[in-house]
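Protein sequences, first through last, are from chains A and B. Under our numbering, residues 1408 to 1622 are what the first sequence spells out, in order. Under our numbering, residues 338 to 553 are what the second sequence spells out, in order. C-beta atoms are modelled at their ideal positions from N, C-alpha and C, and glycine is treated no differently.
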Amino acid sequence: MDGGIRVGTAAAGGTLVLCAAALLGADAVEAVLAGVRAGAHGTRAAADPVLAPSVVRYAARHGWFWPAVAGVAELVALAGAVGALRTVRAAVLRRRNALDGPSRMLVRAAAIDLRRDVLAVPGVRDLRFALTGTRRAPRLALTVACPADAPLGALLAALGDGPVERFRRAADLPALAAVVRFRPGAAALRRGFVARRRVGEPPHMDIQHREDRCE
Amino acid sequence: MGDVGRGTDDTRDERALIIELLDDLAGRQRARRFARREFRARRAWLSLALALLLALGAGTVAVEIVARVAGRPAGLLPVADAVALLRTARWGDRGVGAAGVALAAAGAALLGLSAPGRWRLLPVRCGDGRLAGGVRRRDVRRVLTGAALGVHGVERARVRVRGGAARRRVRVRARTGYLNVANTPELIDAAVRARLAGLDLMGDAAVDVRVTCRNG
């Protein structure tokens, strides 16, 4: 599944957030401690400048100081850039797929069967689906309209064991992860912008768009 | 010998049962982790904004330092003004304390935001680590409201669903047209629980039903 990408992105995002929080927290703690110290030591410490002359002298005396600060800043900037790129990539791959040509051919053929199989499952009224992710981490997102009293657990198991597993094999995507969004009580699903562009099956697949445009 | 053989068979069966149970448990845990990854708020915009902020801010600082070390200030940052401000500001100044408190608040807010977000969809019970099913909170609310309204005598019902996969709470507020509530709360409770069981959501839910009657 898309786990590699998403876990990596989540870890990178979390690390960035924690780094930012730690930086801010460290500054805040320093400021607050200095304030407390100033209060404890009376007016002398309170009257000390925030940028002490000793700090300026230290930086001037040691030639490595500013290059080291620049290096750390570069590393932080690099981490930020990598984090931003990974976040964008993950967001794009949640909506689009990056499959190669042969995989697309297989998926296109399997998609028609998938739609037919899912609609044949008792309790399924309508279906919308999209294949996203990469070949190494593909993800099938299904939206299923079903009756309000449908047993969702059993329906999910039926979809997972039947149509999704068959699609996994037919499309030759053993790592495929499937996410099913149930719409209990919905008679039919509203089609989105992409699906409105053409009438055909399956309505929400990238693969199909190209086919429809060819026609 | 026969007893010994039966004993071995029993042990084998028990072992197979234990392995099956552990497999089932592991599958459920994988499914739960997958559902959490899929259905919890990602806060991608926050991550992106922070990452860009860090990249731009730290990059600017690095460029400015390198330029100054090379003897040609880039002028990207008001360094002279900042140094002058920090030299004149005293630790006892109210502004410095306020800045510290603001930074602490920002840090705490970021730490809070780094925690997993709210469940966008309520996960359906599943034992497959490559499959996740979810249902929108408002759909659950609508289905449970329908179940409550299905109880005889209930005129109005409002359902709130809180929590995600754990510590889920369903609160039902209903009104009956009868003069007293009698056993309506129990009936609503049973109907809502039956419908919840049908939805087969991950984790258990506490149901709280309160009914008012025509007499208030």
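Within the stretch 451 to 476 of chain B, the residues whose Cβ lies closer than 9 Å to some Cβ of chain A are S451, L458, V461, R462, C463, G464, D465, G466, R467, L468, A469, G470, G471, V472, R473 and D476, listed in chain order. Within the same chain, and ignoring the five residues on either side of A485 (chain B) in sequence, the residues whose Cβ sits closer than 7 Å to its Cβ are V491, A494, V496, V509, A511, I525, A528 and V529. Contact between the stretch 531 to 548 of chain B and the stretch 1557 to 1566 of chain A is present: three or more C-beta pairs spanning the two stretches fall below 8 Å.
Within the same chain, and ignoring the five residues on either side of G487 (chain B) in sequence, the residues whose Cβ sits closer than 7 Å to its Cβ are A528. Across the stretch 397 to 420 of chain B, CB contacts with chain A closer than 7 Å involve V398, A399, I402, V403, V406 and V420, in sequence order along the chain. Here P1460 (chain A) is exposed. Its C-beta has fewer than 16 other C-beta atoms within 10 Å. S1510 (chain A) and F1574 (chain A) have their C-alpha atoms roughly 12 Å apart. Taking the C-beta atoms as reference points, R427 (chain B) is found no nearer than 8 Å to A1498 (chain A). Distance from A1594 (chain A) to R1532 (chain A) at the Cβ level is roughly 6 Å; contact confirmed, criterion being Cβ atoms closer than 8 Å. Under DSSP, the beta-bridge partners assigned to C1553 (chain A) are A:P1591. Cβ-Cβ separation between F1472 (chain A) and G470 (chain B): approximately 57 Å, too far for a contact (criterion under 8 Å). The DSSP-derived three-state label of A1582 (chain A) is coil.
At a cut-off of 8 Å between beta carbons, D347 (chain B) makes no contact with chain A. With fewer than three CB-CB distances shorter than 8 Å, the stretch 439 to 448 of chain B does not count as touching the stretch 457 to 473 of chain B.
Contact annotation, R377 (chain B) with P453 (chain B): C-beta distance approximately 5 Å; criterion of less than 8 Å satisfied. By the criterion of a C-beta distance shorter than 8 Å, D361 (chain B) is surrounded in its chain by G464, once the five residues flanking it on both sides are discounted.
By the rule that beta-carbons nearer than 8 Å mark a contact, F1536 (chain A) does not touch chain B. Taking the C-beta atoms as reference points, A502 (chain B) is found no nearer than 8 Å to R370 (chain B). Taking each of A:D1556, A:V1483 and A:V1525 in turn and checking the Cα distance to V400 (chain B), the smallest one comes out for A:V1483.
Using a C-beta cut-off of 8 Å, the stretch 1514 to 1529 of chain A makes contact with the stretch 1563 to 1572 of chain A, since at least three inter-stretch Cβ pairs fall below that distance.
With at least 16 other beta carbons inside 10 angstroms of its own, N1504 (chain A) counts as buried.
Shown here, D361 (chain B) sits in a helix according to DSSP, grouped into three states. Minimum Cα-Cα distance from A1491 (chain A) among the listed residues B:V416, B:L387, B:R349 and B:G500 corresponds to B:L387. Listed in chain order, the beta strand (DSSP E) runs fully inside the stretch 1525 to 1577 of chain A are 1533 to 1540 and 1545 to 1553, counting runs of at least 3 residues. Within the same chain, and ignoring the five residues on either side of V546 (chain B) in sequence, the residues whose Cβ sits closer than 6 Å to its Cβ are V509, P522, I525 and D526. The beta carbon of R380 (chain B) sits closer than 8 Å to those of L450 and G454, all from its chain and outside the five residues before and after it, given in chain order. Among the CB atoms of chain A, none fall inside 8 Å of the CB of A528 (chain B).
When 7 Å is used as the limit between beta carbons, T521 (chain B) is near no residue of chain A, the shortest such separation being about 21 Å. Look at G364 (chain B): its C-beta is not under 8 Å from any C-beta on chain A. Inter-residue distance for A441 (chain B) and L414 (chain B) is about 24 Å (C-alpha atoms, whole angstroms). According to the DSSP assignment, P460 (chain B) belongs to the beta strand (DSSP E) that extends over L458 to V461. The beta-carbon of F1589 (chain A) is placed less than 8 Å from the nearest beta-carbon of chain B. At a beta-carbon threshold of 8 Å, none of the residues of chain B lie near W1471 (chain A); the nearest stands roughly 11 Å away. Any Cβ of chain A closer than 8 Å to the Cβ of V433 (chain B) would place that residue at the interface, and such an atom is present.
Secondary structure in the stretch 461 to 529 of chain B: the alpha helix (DSSP H) runs of 4 residues or longer, each lying completely within the stretch, are 474 to 486 in chain order.
In this chain, the alpha helix (DSSP H) harbouring V1495 (chain A) covers F1472 to L1500.
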